[in-house]
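Chains A and C supply the protein sequences, listed in that same order.
According to this note's numbering, the first sequence is numbered sequentially starting from -3.
According to this note's numbering, the second sequence is numbered sequentially starting from 2.
Beta carbons: idealized from backbone N, C-alpha and C, even for Gly.
Quick caveat, the model's predicted, so the values are computed rather than measured.
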Amino acid sequence: MNDALTRAPGAAEQAVPARAASRMRWWTPYAFLAPYLALFTVFMLVPIGFGLWTSLHEWDINLPAKPFVGLANYADLFDPGSVDGSRFWLAMRATGVFTVASVPILIVLPLLVALLMNGRFKGRNVYRAVYFAPYVLGVAVVGLLWRYLLDGNIGLVNHYLGLDVQWTTDVPPAWIALVGVTVWWTLGLNAVIFLAGLQDIPRELHEAAMVDGAGAWRRFRAVTLPGLRPVMVFVVNATILASANMFGQSYLITAGAPADQTKTAIYLIAETGLRQFDMGTASAMSFVLAAFLMVASALVFGVFRDRDKR
Amino acid sequence: MNRDLRSLRRALLHLVLAVIAALYLSPLLYMLVTSVKTREAAQSTTPQWVPDPFTTDAYREILTSADSPVVTWFLNSLLAATGHAALVLVTAAPAAYALARLRFRLRTAVFSVVVATLFVPPVVLLIPNFLIVNELAWVDTLPAVIVPAAAGAFGVFFLRQFFLTFPGELEEAAELDGCNRWQIFTSIALPLSRPALATLFLLSFLTNWNDFLWPLYVLLSPEALTLPAGLGNFQGANSIRYDLLMAGAVIASVPVLVLYLVAQRWVIEGISRSGLKG
Chain A
-3 MNDALTRAPG AAEQAVPARA ASRMRWWTPY AFLAPYLALF TVFMLVPIGF
47 GLWTSLHEWD INLPAKPFVG LANYADLFDP GSVDGSRFWL AMRATGVFTV
97 ASVPILIVLP LLVALLMNGR FKGRNVYRAV YFAPYVLGVA VVGLLWRYLL
147 DGNIGLVNHY LGLDVQWTTD VPPAWIALVG VTVWWTLGLN AVIFLAGLQD
197 IPRELHEAAM VDGAGAWRRF RAVTLPGLRP VMVFVVNATI LASANMFGQS
247 YLITAGAPAD QTKTAIYLIA ETGLRQFDMG TASAMSFVLA AFLMVASALV
297 FGVFRDRDKR
Chain C
2 MNRDLRSLRR ALLHLVLAVI AALYLSPLLY MLVTSVKTRE AAQSTTPQWV
52 PDPFTTDAYR EILTSADSPV VTWFLNSLLA ATGHAALVLV TAAPAAYALA
102 RLRFRLRTAV FSVVVATLFV PPVVLLIPNF LIVNELAWVD TLPAVIVPAA
152 AGAFGVFFLR QFFLTFPGEL EEAAELDGCN RWQIFTSIAL PLSRPALATL
202 FLLSFLTNWN DFLWPLYVLL SPEALTLPAG LGNFQGANSI RYDLLMAGAV
252 IASVPVLVLY LVAQRWVIEG ISRSGLKG
């Protein structure tokens, strides 16, 4: 979700005052920048290149020899008959299933909640705080808690729904569980972003539409949705990226069960690179996943830009 | 008539929101309740909303057990989150100030490169950053969870937006008074941006406190773990001790919930106005 600020609504560019530079030595700005740029170089720029370099090698952290293998790690991934290839596409499938299942819900429900809360009424901030609360907890707490509540034998979920479903070891129930937990956890996040966007839409637009005799649905279509467009692009994009990076829920609630069907791509990358130390393969996997994510982002921008032209 | 209808609608809205809110918080309540149950009661097949008998055994056991040095994890998390948030402020604030208020030749170039990394999916950093941290001999130590994440561009962007809104007159006046750039930064820009700095500190603290994947793989020995990583490992070894797991979850939740209650508006407004990291 790092790409927030470039696209955040209302991000105004302003001119720097012309006289500000008058008394400054040429190196002063660089001195201001140096500490951050040192971190940025070592842990952001270098790793991008280093990761690509690693993906072209057979790289085990414990072995002195790290032979250059060219694109063999990538070729291996695109060979469905290979062990790495079949594991990788199973994980990519898991990431895809989760993303496709979770993103629409994580857009529609928070939007509804934001619309409900967009009036002025007593206690609005209390509700906002309540819906947002699970998000401050972090995935470890959320995962442990729901692993308990979703337990197939003693869990509250089965008890109150009168079901006997193995939420943590059976698909599709595991997908419903993982999506449900994620909605509970992050609904408030998207809702407060939508709410901030709704409050930026000028009231006069709604009033004008009302004077023109537009009903609630018509006003939603003609005023609210277009007004939310920049926020919507941001939320859709950030939610896709967050869902495609889902790790903790799967790690703690299903542990990838059954038979790695809910083991997501990032989970497999971490296990392959940081448990089995096959870092060449893991790096290649991460660049393939990254390529998919960048295509997804480009598609989101494309879709919303087309709408704009019409 | 019209007014009656409106107050009815309002009451209905409140009812709907209150029911959802109660349902929303009930899992957290159950976590708290279960943490003060006996081992047997925590595994009962019928839900028990009032612990009977009430006991703090789970806390005593998880706090004293050798497999789960929760106090150490707690201190590690506190140190890591505080250190990380402080590092973000110390590095991002001057960088953001330079990019927002100073004119220099490479400004656009530096800014473009930093912007560009916002579009790089963080997953590609996972393996190489582990290798770099390993080269620095930071694996299994707190710097591994404090430093690398501070390279993210979020803090710089967040503060730059804020610095851009300053009126230039203040700085000009200070310059006429003979202040140099550093003095202007520390005596004018920083005090004026206290709310933004506090929000960034808070968001960085929360993100670091809750971070799960990275500490899980970069911290290895039991006494080096943060709370989320420790609890994750602990669950793997004690999957049916829900009394202990819920006690651990409560311990991990209390600091962030307290911070959230105290600074709720800052957290929510900081996040909703600027997007967020994580």
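- Remark: C-beta atoms of C/Thr92 and A/Leu35 approach each other more closely than 7 Å.
- Rounded to whole angstroms, the Cβ separation of A/Ala187 and A/Ala110 is 5 Å, and the two are in contact under 8 Å.
- Taken in chain order, the members of the region 182 to 209 of chain A whose beta-carbon sits within less than 8 Å of a beta-carbon on chain C are Leu185, Val188, Ile189, Leu191, Ala192.
- Only residues of its own chain outside the window of five on either side were considered, and among them Lys38, Arg40, Ala43, Ala59 have a CB closer than 6 Å to the CB of C/Asp244, listed in chain order.
- Across the region 102 to 125 of chain A, CB contacts with chain C closer than 7 Å involve Leu112, Phe117, Tyr123, Arg124, Ala125, in sequence order along the chain.
- Between A/Ala61 and A/Trp55, the alpha-carbon positions lie close to 8 Å from each other.
- When 7 Å is used as the limit between beta carbons, A/Ala173 is near no residue of chain C, the shortest such separation being about 13 Å.
- When Cβ pairs closer than 8 Å are counted between the two stretches, the region 146 to 155 of chain C is seen not to touch the region 66 to 77 of chain A, the count staying below three.
- Here A/Met290 is exposed, its C-beta having fewer than 16 other C-beta atoms within 10 Å.
- Across the region 50 to 84 of chain A, CB contacts with chain C closer than 9 Å involve Thr50, Ser51, Trp55, Ile57, in sequence order along the chain.
- For chain C, the residues of the region 262 to 291 of chain A that bring a beta carbon within less than 8 Å of one of its beta carbons are Ile262, Ile265, Ala266, Gly269, Leu270, Arg271, Met275, Ala278, Ser279, Ser282, Phe283, Leu285, Ala286, Leu289, Met290, in chain order.
- Taken through DSSP and simplified to helix, strand or coil, C/Phe120 comes out as coil.
- Distance between A/Leu285 and A/Tyr32, taken at the CA atoms: about 28 Å.
- In terms of CA proximity to A/Asp274, C/Ile128 leads the group C/Gly169, C/Ser254, C/Val72, C/Ile128.
- For C/Phe131, a Cβ of chain A is located within less than 7 Å of the residue's own Cβ.
- For the pair A/His53 and A/Phe39, the CB atoms are not nearer than the 7 Å cut-off.
- Take A/Val177, set aside five residues on each side of it, and the residues of its chain with a beta-carbon closer than 6 Å to its own are Trp142, Gln245, in chain order.
- Counting only Cβ-Cβ distances below 7 Å, C/Tyr243 has contacts in chain A at Tyr144, in chain order.
- If you check each beta-carbon in the region 52 to 68 of chain C against every beta-carbon of chain A, none falls closer than 7 Å.
- C/His15 is not bridged by DSSP to any residue.
- Within 8 Å of the CB of C/Trp210, the CB atoms of chain A belong to Gly134, in sequence order along the chain.
- Per DSSP, A/Tyr26 is one residue of the alpha helix (DSSP H) stretching across 24 to 36.
- Counting only Cβ-Cβ distances below 7 Å, A/Pro226 has no contacts in chain C at all, with the closest Cβ about 11 Å away.
- Taken atom to atom, the span from the alpha-carbon of A/Ala240 to that of C/Leu103 is near 38 Å.
- Here the C-alpha atom of C/Gly271 lies approximately 11 Å from the C-alpha atom of C/Leu160.
- Residue pairing of A/Phe64 in beta bridges, as defined by DSSP: A/His53.
- Around the Cβ of C/Thr208, a 10 Å sphere holds 16 or more other Cβ atoms; the residue is buried.
- Distances from the alpha-carbon of A/Ala192 to those of A/Thr164, A/Ala170, A/Arg225, A/Ala136 put A/Arg225 closest.
- In the DSSP assignment, C/Glu224 falls outside any alpha helix (DSSP H), carrying neither H nor E.
- Taking a beta-carbon distance threshold of 7 Å, C/Thr227 does not count as an interface residue toward chain A.
- When A/Phe28, A/Gly115, A/Val135 are compared, the shortest CA-CA separation from C/Gly231 is found for A/Val135.
- For A/Arg225, the enclosing alpha helix (DSSP H) stretches over residues 225 to 240.
- Counting other Cβ atoms within 10 Å of its Cβ, C/Ala250 reaches 16 or more and is therefore classed as buried.
- Cβ proximity to chain A below 9 Å picks out Val257, Leu258, Leu260, Tyr261, Leu262, Gln265, Arg266, Val268, Ile269, Glu270, Ile272, Ser273, Arg274, Ser275, Gly276, Leu277 from the region 255 to 277 of chain C.
- Using a Cβ-Cβ cut-off of 7 Å, A/Ile150 counts as an interface residue toward chain C, since at least one Cβ of chain C sits closer than that to its own.
- The contact set of C/Arg4 on chain A, defined by CB atoms closer than 7 Å, is empty, because the minimum CB distance reaches about 15 Å.
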